[in-house]
Amino acid sequence: MTALSYVAVCLIWGSTWLAIKIGLDGVPPFLGAGLRFVVAVAVAVTAVVLVLRRQPIRLTRDDRICIVSQGILVFWFNYAAVYWAEMRISSGLTAVIFSTMPLTTAMLSRFWTRNEVMGGRKLAGIAVGMIGTLLLFWPDDRLGASQMPGMLGALFASTCSSIALVIVKRHGAKSDPFVLNLFSMGLGAVCLLGMSALFERSAPVAWSAGNVGALVYLAVCGSVVTFSLYYWLIKRLDATVVSLSTLITPIIALILGRAFLDEVITPLAFAGIATILAGVAVAIAPARRARMNG
Numbered sequence: 001m002t003a004l005s006y007v008a009v010c011l012i013w014g015s016t017w018l019a020i021k022i023g024l025d026g027v028p029p030f031l032g033a034g035l036r037f038v039v040a041v042a043v044a045v046t047a048v049v050l051v052l053r054r055q056p057i058r059l060t061r062d063d064r065i066c067i068v069s070q071g072i073l074v075f076w077f078n079y080a081a082v083y084w085a086e087m088r089i090s091s092g093l094t095a096v097i098f099s100t101m102p103l104t105t106a107m108l109s110r111f112w113t114r115n116e117v118m119g120g121r122k123l124a125g126i127a128v129g130m131i132g133t134l135l136l137f138w139p140d141d142r143l144g145a146s147q148m149p150g151m152l153g154a155l156f157a158s159t160c161s162s163i164a165l166v167i168v169k170r171h172g173a174k175s176d177p178f179v180l181n182l183f184s185m186g187l188g189a190v191c192l193l194g195m196s197a198l199f200e201r202s203a204p205v206a207w208s209a210g211n212v213g214a215l216v217y218l219a220v221c222g223s224v225v226t227f228s229l230y231y232w233l234i235k236r237l238d239a240t241v242v243s244l245s246t247l248i249t250p251i252i253a254l255i256l257g258r259a260f261l262d263e264v265i266t267p268l269a270f271a272g273i274a275t276i277l278a279g280v281a282v283a284i285a286p287a288r289r290a291r292m293n294g
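For the sequence shown, the residue numbers in our numbering are 1 to 294.
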């Protein structure tokens, strides 16, 4: 179940980079992100009422810490920055920069929670994976001054996600992943729509079948499903291992770009894919050995 959940998170989130790009066609970034989570919350509430039929929700102090941190750092700051960045740089380059998340998460986990071993193999695996991600998109994305704001936005998003991941690892051991996801998305949606009201009041909006379809996909699959699985995985795996999914998602993004946008996969890109997979295997090996020995 853990392996299947991890694969599902990688596959779906790998597709969201393309979906975000499609969803931004005719829709301002903060409005698009905010509406994504409004729809996601509506779907989640419907699932609770009609399908899950849960007992009344009681939030502990740790639950509230997780909800506020995820709502602000992930669903507000992170997604505001990602959507804003993808208006200025390609989805591929955004994914490359976001892949710094495992390294940031590893350092934070080592010095903040002090309950995750940071060995040489794990650091080496992360470094190799990041090099592979750079190779993956290097032929298509030459770095220039005009791209710097978008690149900084993507880096800010990655850092916020790393901090939030470590907070959940520390305080969310007993939190219900679905409940955590529901309330965090609601908080993020309110903040994003508030930003849109302040900064995008005069921005034109043109709805189409493409951006509406992307919005629904991002809300249901890219938010309700994946974040519930993501928080479930955090309770069972090292924070660094969970964050390694951000090294795998650019591979999915590249394949989908080839399938839907006729993007060329170069020999260097194939080398990047092999390097990423090797890096992830090296980084995960210590954690798998520790679980087997335990």
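For glycine and all other residues, C-beta sits at the position ideal for the given N, C-alpha and C.
Look at Met-87 here: in three-state DSSP terms it is coil, with no helix or strand label. A straight line joining the alpha-carbon of Val-41 with that of Cys-221 spans about 12 angstroms.
Remark: fewer than three beta-carbon pairs, one from each stretch, lie closer than 8 angstroms, so the stretch 209-226 and the stretch 63-74 are not flagged as touching. Around the Cβ of Met-101, a 10 Å sphere holds 16 or more other Cβ atoms; the residue is buried. Per the Cβ contact rule, the stretch 19-31 is in contact with the stretch 70-83 (3 or more Cβ pairs under 8 angstroms).
Within the same chain, Leu-268, Ala-269, Ala-271, Gly-272, Thr-275 come within 8 angstroms of Leu-135 by CB-CB distance, once the 5 residues on both sides are set aside. Just measuring C-alpha positions, the residue of Thr-249, Ala-124, Phe-183, Ala-19 sitting nearest Ala-278 is Ala-124.
Distance from Ala-239 to Ser-109 at the Cβ level is roughly 5 angstroms; contact confirmed, criterion being Cβ atoms closer than 8 angstroms. Taking the Cα of Gly-188 as reference, the smallest distance to any Cα among Leu-35, Asp-25, Phe-75 is reached at Phe-75. Contact between the stretch 157-169 and the stretch 191-205 is absent: fewer than 3 CB-CB pairs across the two stretches fall below 8 angstroms.
In the structure shown, Ile-57 adopts coil according to DSSP, grouped into three states. The shortest C-alpha to C-alpha distance from Leu-193 to any of Gly-120, Gly-34, Trp-13 is the one to Gly-34. Taking a cut-off of 8 angstroms for Cβ pairs, the stretch 162-169 and the stretch 86-106 touch, as three or more such pairs fall below it. Under the three-state reduction of DSSP output, Gly-26 falls in the coil class, being neither helix nor strand.
Going by beta carbons, Leu-24 and Ile-163 fall outside the 8 angstroms limit. Under the three-state reduction of DSSP, Pro-204 is assigned to coil, being neither helix nor strand.
Counting the other Cβ atoms within 10 Å of the Cβ of Val-7 gives fewer than 16, which makes it exposed. Cβ contact annotation for Thr-16 (same chain, cutoff 7 angstroms, sequence separation greater than five): Leu-218, Gly-222, in chain order.
Beyond the five residues adjoining it in sequence on each side, Tyr-230 comes within less than 6 angstroms, by CB distance, of Val-9 in the same chain, given in chain order.
Judged by beta-carbon spacing, Pro-177 lies within the 8 angstroms limit of Ser-228, meaning their Cβ atoms are closer than that value. The criterion of a C-beta distance shorter than 8 angstroms is not satisfied by Arg-236 and Thr-60. Distance from the CA of Met-185 to the CA of Ala-127, rounded to the nearest whole angstrom, comes to 32 angstroms.
Leu-247 has its alpha-carbon roughly 10 angstroms from the corresponding atom of Gly-14.
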